[in-house]
Structures are given as structure tokens and as C-alpha cells.
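A.B. asks: Submitted below is the structure of interest, expressed as C-alpha cells.
Numbering (the working numbering), first residue to last: 4 to 737.
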């Protein structure tokens with residue numbers, strides 16, 4: 004390794020690396036972090052000769068660049084990381100032999116050297132494009148110009164064919180017009196006029212579906228083409244596509260005010276009327292009449308709309324106005340006759356004069372133009388009231404033929420079959436109605452009845468349940484399911500269904516009879532005079548003489564909810580003294596007596612409620628528990644003497660065990676309270692908490708918890724039974 008005091012000149016020997024050449028180094032190697040350029044892209048100005056490098060190094064500190072020094076003294080090498088860093092920043096090239104103007108000879112690099120990267124195909128293409136970019140730009144412009152000229156030429160040629168087709172169509176040559184217009188569309192598939200003209204040609208040829216498709220294609224390209232909208236709208240009237248006709252005319256009215264002609268309003272009114280939207284149709288007819296009061300089409304259409312809206316006096320006036328404009332109008336004469344007969348037939352039906360009503364309907368339905376669904380339904384309804392179900396079925400058959408997709412027709416015909424006990428035909432009609440409208444609760448309600456009548460109560464109950472799921476206010480479904488539950492001796496469910504039906508329809512005769520039959524089937528013994536007297540002889544320790552009845556009821560309910568049944572008994576007892584017909588207060592009194600461990604008095608009140616016919620399913624369950632509690636109290640009273648005769652030692656040990664158990668129960672109460680608060684609707688948590696209260700001798704808290712749970716809507720019959728059992732057990736002396 005050379006000493007630091009050696010000469011800084013670079014020896015030029017024939018065999019040496021720097022002896023025969025002059026090395027030039029990239030000028031930017033001093034900039035740390037800069038990315039080295041490709042060695043092939045460096046210009047001569049970016050290189051330094053070896054002399055210049057030596058000169059620079061002398062100025063910086065008397066030493067040449069480490070990379071140059073490494074070439075001069077190969078026995079000394081830089082550390083790997085430092086050498087790599089320098090390699091990225093220094094580009095070397097060996098110069099030509101000695102001379103004042105040495106030629107630069109760039110170092111040859113091995114293909115295996117990872118620092119040497121051959122230019123990729125993309126790089127070469129980029130170099131070619133840079134070298135010939137002007138030619139490429141000119142070439143691209145020429146190609147674009149050729150494409151544009153070609154497209155414009157095709158568009159112009161397409162317009163020429165379209166205009167030719169229009170002229171041919173105007174002269175009555177529809178076939179030649181179709182050929183020209185086909186060629187126009189082939190040349191330019193976005194020529195909206197060509198589609199519109201071809202739609203007109205198809206319309207002339209009677210190919211209405213193809214015409215509709217071409218009008219739609221034209222409107223997709225040019226949605227605001229009023230002519231295309233009008234043509235498609237009138238075509239839709241012929242195709243009976245009334246909804247699309249309404250949409251097209253509405254679009255026209257929204258685009259151009261000058262296009263709102265009376266004819267267009269008449270056309271849209273006709274479409275509305277065909278859709279059964281008579282109010283909207285009448286509005287359009289009135290607009291047309293405002294522009295021309297003598298418009299016969301608008302007069303006839305508006306009169307028909309008024310007739311269908313059952314505005315018979317106005318319809319009659321409009322028919323009279325039509326006869327003034329067209330005295331020979333058969334529609335006006337028939338309309339006047341109908342305006343006289345239909346109201347008369349309806350009035351006869353309302354007054355019970357069914358024979359007169361049928362005579363009027365028969366007179367109307369003799370005319371073929373009056374074979375409508377509404378008239379057949381009207382006559383069928385009158386026939387049902389006369390119990391002529393066979394003739395009514397004939398009218399329903401005619402109505403079904405006119406409107407086969409109307410599910411209510413099948414439903415009404417099924418009811419007629421039911422009266423004739425033709426259950427098979429009735430079930431067939433119900434199946435069709437359910438398929439047409441699977442969300443109509445009346446269909447499943449009727450089918451449930453038919454299933455029960457045909458001896459399939461299980462399927463009938465399922466249909467009633469389906470009807471209730473579709474309409475929770477369907478009282479008929481509750482009554483039907485209640486009857487099936489009563490027949491299967493499922494009295495609790497039957498009573499529940501009958502009471503739900505009565506909440507919806509309080510005077511439903513079938514529900515009232517069903518509830519009566521259910522209560523009779525499970526009737527307890529009637530209350531004796533002694534029981535009634537003992538029930539009425541309530542606690543007189545409270546003075547409620549200055550308290551209003553409404554406040555007593557409110558306070559009594561609050562006391563009952565808060566776990567103070569004795570106070571509730573006194574308050575509801577005072578209410579009953581004032582008004583013995585207050586059944587709701589008597590019900591609360593019965594439950595309060597049960598919570599106050601007075602089963603005999605509670606049973607007396609429940610029996611009074613039963614005798615009045617207002618005993619609910621919840622009352623019946625409470626009554627059962629009161630009976631059980633009464634029996635347990637009697638057994639406990641008999642066993643009391645035996646219990647007192649037990650030894651003192653046993654009593655002491657038992658009391659200690661109870662005290663220990665009570666202490667454990669008291670420790671678990673906070674945890675159970677936390678669970679109950681976080682899960683207020685979890686009956687299991689609430690039941691465990693109430694049970695812990697009773698085990699810890701916290702009877703008041705336990706009763707309060709049970710009372711609160713019994714008032715929850717989530718309370719099921721099973722849980723209600725458990726809570727009542729817990730209350731009864733807590734009231735039994737130990």
C-alpha cells in the first residue's frame with residue numbers, strides 16, 4: 004500500500020490499467036444519494052479525464068479519488084459497502100493512448116457483470132420513437148383524419164339512405180323503404196331518425212311489435228323526440244300496453260307545451276280508463292273539454308268515468324250533453340238507461356227488495372256490451388242474499404272468464420261452494436286464489452274453515468295461523484282456530500283465541516258463544532253465599548271515604564305492583580263496595596288476595612268473575628293456584644301440631660341450617676340482581692332472583708319480583724305457572 008507522501012501523479016505504463024488510458028469520471032459522483040445514469044447515455048461533457056480528476060483531488064486535500072487510487076494501487080481495496088456506494092456514483096472510461104487530445108475509450112463490461120444492464124425492447128422502442136417522433140406524430144394525425152373522414156362519410160351516407168327511405172314510405176312503397184332504412188342502420192347504428200322511419204314502415208306493414216322495438220331504439224338514442232314518443236304512445240294503445248302509453252304521453256307533456264293537444268289528453272284518458280284509474284282519466288277528459296266543449300270523444304269518455312265512479316247524476320248530465328252533440332249515439336242512450344237502472348237496483352238491494360234488484364240486473368246483462376265484471380258481481384251478491392248459490396256461481400263463472408287473474412272472484416265462488424257443501428270445488432278455488440295472491444289472509448282463513456269442515460283440523464289450524472301471521476286483526480281466523488282448539492279440548496288456547504277475537508270485534512256472536520262453551524267445559528263449582536260474604540268482608544282498617552274512586556284504582560294498582568298486596572286489597576275492596584259492577588277492579592282484588600296469601604277470599608272473587616262470564620285465561624290459572632294454595636294451607640294447618648311436637652334439638656339444628664342457607668342465598672342476590680337488570684326480559688334470571696328472595700326470607704321482595712314478571716308481555720303460560728307456584732310455595736307455612 005503506498006505511503007501518504009507519495010507523488011500524486013498517475014503513472015502511465017503500457018501494461019498498467021491507467022498507463023495507456025486516461026480515465027474520465029462522472030462529474031456528479033460527489034453528490035451522495037444521486038442515482039447514476041446509464042453509462043451509454045453519458046455525453047463527453049459529463050466525463051473528466053484522469054488529469055482533471057487528479058487536479059480536483061489535489062485541490063480537495065492532496066489525494067486522488069479513492070476509486071482512482073484503487074485502480075492505481077490494486078493491492079488496496081475499499082470496504083465492500085463503501086466501494087459499492089462509490090461504484091454507484093462513479094462512471095469510468097479508459098482513455099486512448101498519450102497525446103494532448105486523448106480519445107475517450109469507454110471500458111468494456113462483461114455481460115455477467117450485474118451492473119451492466121442491456122437495454123430492453125421497450126427502451127429501444129422509446130429511443131426509436133424519440134428519434135423519429137415527428138414522423139410518428141404526422142402518421143397518427145393522418146390515421147385519425149382518415150378514421151374521422153370515414154365515420155363522417157358513413158354517417159352522411161346513412162342519412163341519405165334514411166331520407167330516401169322516408170320518401171319511399173311517403174310514396175307508399177313500404178318494402179323499398181324498409182330496404183333503404185335497413186341499409187341506413189347498417190351504416191350507422193346510432194341514426195335515431197333511421198330507427199324512427201323504419202318503425203313507421205313496420206307500422207304501415209302491420210308489424211306492430213317490430214315498430215314498437217324501433218320506436219324504443221330511436222328514443223334510447225334521442226329521448227326527447229316528441230314525434231317518436233307520440234307514435235309509440237298511439238301504438239301502445241293498439242297493443243293494449245296502456246301503462247307505457249300513459250308514460251309516453253306524460254313525457255310529451257313534460258317536454259313541449261305546444262304538443263299538449265286535446266287528442267293527446269283524450270288518448271291518455273283512454274289509457275287511464277283501461278287501467279281502471281277513472282279519476283285520472285276524468286281529469287284528462289275535462290282538460291280536453293276545456294279546449295273544446297263539444298268534443299264527442301271527451302264527452303263519452305268522461306260520462307263513462309263518472310258512471311264507473313258511481314257518480315250517476317253527473318254521468319247522466321254528461322250523457323245528455325253527449326246526445327245534444329250526437330243524437331244517434333247508442334252509447335249515450337245506453338248510458339242514460341244504466342244511470343237510471345243501476346242506482347235503482349242498488350237501492351232495491353239495500354231495502355231488501357231482491358226480486359226488483361234482480362229484475363233490473365237481468366235487464367242490463369241481456370245486452371252484450373254490459374257483460375262486465377262489476378255487473379256480474381253485483382247480481383251474484385244479490386243472488387247470495389237470496390241463497391241461490393247455484394245461480395251466483397254462474398255469475399262468478401262469467402266474471403272469472405272476463406278477469407281470470409282476479410283472485411277475489413275465486414274466493415267468492417269458493418264461499419258459494421261452501422254453502423252447497425261442495426268442499427272439493429271450494430278448496431280448488433282457494434288454491435287458485437292463494438296462488439294468485441299468497442298474501443291475502445281471507446284466502447287462508449276460508450281454506451282453514453274448509454279444511455276443518457272436510458275433516459282435516461290440523462291443516463285447518465295451520466291455515467288459520469297463516470292467516471293470523473298475514474293479518475293480526477283477522478277476528479275470523481282467531482274464532483276458527485279457537486273452535487278447533489276447543490274441539491281438541493285445548494281449552495287454554497281456545498279461550499285465548501276467543502278473547503283476542505272479542506277484542507277486535509266485541510259483539511262477534513261466534514266468539515261469544517265459543518268463549519261461553521270453553522268456560523262451561525272447564526267450569527269450577529259455583530260460589531256459595533258464605534264465600535261471597537267472606538270475600539266482601541274485607542279489611543276495614545283504612546279510611547278511604549275522602550278518596551276518589553279513580554285514585555283508589557290507581558293507587559291500588561301501584562301497591563299491587565310494588566309488592567304491598569294488603570294495601571291493594573283494602574283499596575280495591577273499597578272500589579267494589581262503591582261499585583259492585585266494576586269487574587276490572589274485582590279482578591285486581593282477586594289477584595291481590597292471592598298474593599296476600601288469602602286463597603279462600605281470592606277464590607270467592609274469581610268465582611264471581613266466572614259467574615259474570617268475564618273470567619280470562621290468566622284469571623283461570625290464578626284460580627287454579629288459589630285452589631292449590633288453599634289445599635296446602637289446610638294440610639299445613641293439620642300438620643302444625645305434629646311439627647310443634649318435634650324435639651328442641653332438631654329444631655335448633657334445623658334453624659341453624661336454615662340460617663346458613665339463608666346467608667348463602669343473601670350472598671347470591673346481588674349477582675342475580677345484576678343479571679336481571681342486564682336481562683330484564685329473561686324469565687329464567689327473574690325467576691332465580693325471586694326464588695333467592697324467598698329463600699332468604701325476603702318475602703316482600705320476592706312477591707314484588709313475581710308480580711312485575713307476571714305483568715310482562717313476554718310472560719308465557721309455562722313461566723306464569725312457575726311464578727304462581729313460587730308465590731304459592733312462599734305462602735305455605737313451613
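Just so it is clear, CB atoms sit at the ideal spot from N, CA and C, and this is done for glycine as well.
Throw me the rounded Cβ distance for the residue 229 and residue 258 pair, which I believe falls under 8 Å.
C.D. replies: At roughly 6 Å, the Cβ-Cβ gap stays under 8 Å, so residue 229 and residue 258 are in contact.
A.B. asks: Quick check: the Cα distance between residue 571 and residue 714, rounded to an integer number of angstroms?
C.D. replies: Roughly 16 Å separates the two Cα atoms.
A.B. asks: Check residue 664 in the structure and name its three-state DSSP category.
C.D. replies: The predicted model places residue 664 with a pLDDT of 45, which falls under 50 and marks its position as unreliable, so this point remains unresolved.
A.B. asks: Return yes when the Cβ of residue 444 is within less than 8 Å of the Cβ of residue 470, no when it is not.
C.D. replies: A contact, by the Cβ cut-off of 8 Å.
A.B. asks: Measuring only the C-alpha atoms, how far is residue 620 from residue 502?
C.D. replies: One C-alpha to the other measures close to 9 Å.
A.B. asks: What alpha helix (DSSP H) runs, 4 residues minimum, are completely inside the segment 186-260?
C.D. replies: The qualifying runs are 195-208, 211-224, 229-242, 245-258.
A.B. asks: Please list, in chain order, all residues of the same chain as residue 277 whose beta carbon is under 8 Å from its beta carbon, the five residues on each side excluded.
C.D. replies: Excluding residues within five positions, the ones whose Cβ falls inside 8 Å are 243, 245.
A.B. asks: Beta-carbon within less than 8 Å of residue 729's beta-carbon, same chain only, minus the 5 sequence neighbours each way: which residues are those?
C.D. replies: Around residue 729: 690, 693, 694, 697, 705, 709.
A.B. asks: Is any beta-carbon of chain C found at less than 8 Å from that of residue 336?
C.D. replies: Given the protein chain composition of this structure (a single chain), no chain C is represented.
A.B. asks: Closest by CA to residue 498, which one among 131, 720, 137?
C.D. replies: The shortest C-alpha separation from residue 498 is found at 720.
A.B. asks: Using 10 angstroms around the beta-carbon of residue 628, count the other beta-carbons present and answer buried if the total reaches 16, otherwise exposed.
C.D. replies: By the neighbour-count rule (16 or more Cβ atoms within 10 Å), residue 628 is buried.
A.B. asks: Could you pull out every residue in the same chain whose Cβ sits closer than 7 Å to the Cβ of residue 160, ignoring the five residues on either side in sequence?
C.D. replies: Excluding residues within five positions, the ones whose Cβ falls inside 7 Å are 190.
A.B. asks: Is it buried or exposed, residue 594, if we count other Cβ atoms within 10 angstroms and call 16 or more buried?
C.D. replies: Classification for residue 594: buried.
A.B. asks: Unbroken alpha helix (DSSP H) runs of length 4 or more, entirely within the segment 612-637: which are they?
C.D. replies: Entirely contained in the segment 612-637, not one alpha helix (DSSP H) run reaches 4 residues.
A.B. asks: Note down, in chain order, each residue of its chain lying with its Cβ closer than 7 Å to the Cβ of residue 232, except the 5 sequence neighbours on either side.
C.D. replies: Hits under 7 Å: 222, 251, 254, 255.
A.B. asks: How many Å lie between residue 302 and residue 450 at the Cα?
C.D. replies: If you take the alpha carbons of residue 302 and residue 450, they lie about 46 Å apart.
A.B. asks: Measuring alpha carbon to alpha carbon, tell me which residue in 324, 238, 316 is nearest residue 300.
C.D. replies: If we check each option's Cα against that of residue 300, 324 comes out closest.
A.B. asks: With distances taken Cα to Cα, identify the nearest neighbour of residue 273 among 236, 132, 293, 517.
C.D. replies: Among 236, 132, 293, 517, the Cα nearest to that of residue 273 is on 236.
A.B. asks: Note down the Cα distance separating residue 599 from residue 561, rounded to an integer number of angstroms.
C.D. replies: Spanning the two alpha carbons is a distance of roughly 15 Å.
A.B. asks: I'd like to know if the segment 547-563 and the segment 579-593 are in contact, where contact means that at least 3 CB-CB pairs between them fall below 8 Å.
C.D. replies: As far as the Cβ criterion goes, the segment 547-563 touches the segment 579-593, which means the pair count is three or higher.
A.B. asks: So, at 7 Å on beta carbons, what are the nonlocal neighbours of residue 211 in its own chain, with the 5 sequence-adjacent residues on each side left out?
C.D. replies: The answer, listed in chain order, is 238, 241, 242.
A.B. asks: Out of 342, 568, 330, 614, point me to the one whose CA is closest to residue 320's CA.
C.D. replies: Ranking the options by Cα distance to residue 320, first place goes to 342.
A.B. asks: So residue 787 packs on residue 288, CB below 8 Å; how close in whole Å?
C.D. replies: This structure gives no information on residue 787, because the portion of the chain shown stretches from 4 to 737.
A.B. asks: Helix, strand or coil for residue 476 per DSSP?
C.D. replies: Coil at residue 476, not helix or strand.
A.B. asks: In or out: residue 538 buried (at least 16 other Cβ within 10 Å) or exposed?
C.D. replies: With a pLDDT of 43 at residue 538, under the threshold of 50, the predicted position of this residue should be treated as unreliable, and no value is reported.
A.B. asks: State the Cα-Cα distance for the pair residue 492 and residue 446, rounded to the nearest angstrom.
C.D. replies: Roughly 26 Å between the two C-alpha positions.
A.B. asks: Which residues bound the alpha helix (DSSP H) around residue 524?
C.D. replies: Segment 512-524, the alpha helix (DSSP H) holding residue 524.
A.B. asks: Taking residue 280 as part of the alpha helix (DSSP H), name the residues at either end of that continuous run.
C.D. replies: That residue, residue 280, is in no alpha helix (DSSP H); it is neither H nor E in DSSP.
A.B. asks: Using a Cβ-based criterion (distance less than 7 Å to any ligand heavy atom), does residue 711 qualify as near the ligand FMN?
C.D. replies: Here there are no bound small molecules, and the ligand FMN is not part of this structure.
A.B. asks: Does the beta-carbon of residue 587 have 16 or more other beta-carbons within 10 angstroms, so that it is buried, or is it exposed?
C.D. replies: Answer is exposed; the Cβ neighbour count stays below 16.
A.B. asks: Work out the CA separation of residue 632 and residue 732 for me, nearest whole Å.
C.D. replies: Rounded to whole angstroms, residue 732 to residue 632 spans 8 Å at the Cα level.
A.B. asks: State buried or exposed for residue 369, treating a residue as buried only when at least 16 other CB atoms are found within 10 Å of its CB.
C.D. replies: So residue 369 counts as exposed.
A.B. asks: By how many angstroms is the C-alpha of residue 722 removed from the C-alpha of residue 636?
C.D. replies: Spanning the two alpha carbons is a distance of roughly 23 Å.
A.B. asks: With respect to the alpha helix (DSSP H) encompassing residue 359, which residues constitute its N-terminal and C-terminal limits?
C.D. replies: Taken as a continuous stretch (DSSP letters only), the alpha helix (DSSP H) holding residue 359 covers 357-368.
A.B. asks: What is the rounded straight-line gap between the Cα of residue 688 and the Cα of residue 512?
C.D. replies: Spanning the two alpha carbons is a distance of roughly 42 Å.
A.B. asks: What number of angstroms, rounded off, separates the C-alpha of residue 80 from the C-alpha of residue 141?
C.D. replies: With a pLDDT of only 48 at residue 80, under the threshold of 50, the placement of this residue in the model should not be trusted; the figure read from the coordinates follows. Near 55 Å, if we compare the C-alpha coordinates of residue 141 and residue 80.
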